[in-house]
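Notes to accompany the following structure.
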Amino acid sequence: MVENNDFFVEAVAEIGVQQIAVHVESATHLDRTLSLIQAHGVKAGAALNPATPLSALAYVLERLDFVLIMTVNPGFAGQKLVPATLRKIAECRAFLNERGVDLPIEVDGNVSFENIPKMVSAGADILVGGTSSVFQKSGSRLENIQQAQKAIALGLAEREGGQWA
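Numbering (full-length UniProt numbering) for the sequence shown: 1 to 165.
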């Protein structure tokens with residue numbers, strides 16, 4: 001998490017990133033920061049920490065290209081998933097659907113092989129793979145990606161079953 005987001009937008013955009021997420025708690029003027037990101041040709045998203053309410057998105061929905069839900073408190077790798085964030089993913093999907101907004105939901109934090117099916121089932125579209133899955137040392141990168149793909153398929157099957165509806 002960064003403070004003074006606007007200061008970094010141009011430099012980060014210039015290195016060729018495709019998207020930038022801004023933590024709503026760190027943006028003094030979230031709408032302005034999202035507009036600045038998009039003015040640089042980059043997709044703009046709002047990141048919500050585990051305890052940040054979905055209502056923080058209400059007045060910037062038209063500016064968003066995606067929503068990022070943090071499933072751990074930002075700071076360091078290897079943290080355990082905050083259990084309530086699985087429900088938050090599902091509630092975010094419902095929040096967006098109720099407003100007729102079709103945005104991808106990205107999740108970051110303890111995206112493990114165990115948690116991936118739950119996250120996808122709840123409504124996650126984009127997973128940030130880290131040390132809990134893709135970069136786990138117990139398998140090769142290819143093996144880890146294949147295991148993640150299986151976990152995603154399981155989550156999609158569960159999503160179609162309507163566990164979170």
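C-beta atoms are modelled at their ideal positions from N, C-alpha and C, and glycine is treated no differently.
All values derive from a computational prediction rather than experimental measurement.
| Asked | Found |
| --- | --- |
| Chain-order list of residues whose beta-carbon lies under 6 Å from that of residue 125 (same chain, five-residue window excluded) | 104, 105 |
| 8 Å Cβ cutoff met for residue 159 and residue 121 | yes |
| Cβ shell of residue 131 (< 6 Å), same chain only, five flanking positions each side left out | 77 |
| C-beta contact flag for residue 57 and residue 44 at 8 Å | no |
| Every unbroken beta strand (DSSP E) inside the stretch 22 to 69 [3 residues or more] | 43 to 48 |
| Residue 23, buried or exposed, once every other Cβ within 10 Å from all chains shown has been counted against 16 | buried |
| Where the alpha helix (DSSP H) through residue 86 begins and ends | 84 to 98 |
| Same chain, Cβ closer than 7 Å to residue 156, neighbours up to 5 away in sequence not counted | 120 |
| The stretch 55 to 70 touching the stretch 111 to 118, judged by at least three CB pairs closer than 8 Å | no |
| Residue 96 to residue 129 span [Cα, whole Å] | 24 Å |
| Assigned secondary structure, residue 128 (DSSP; H/G/I helix, E/B strand, else coil) | strand |
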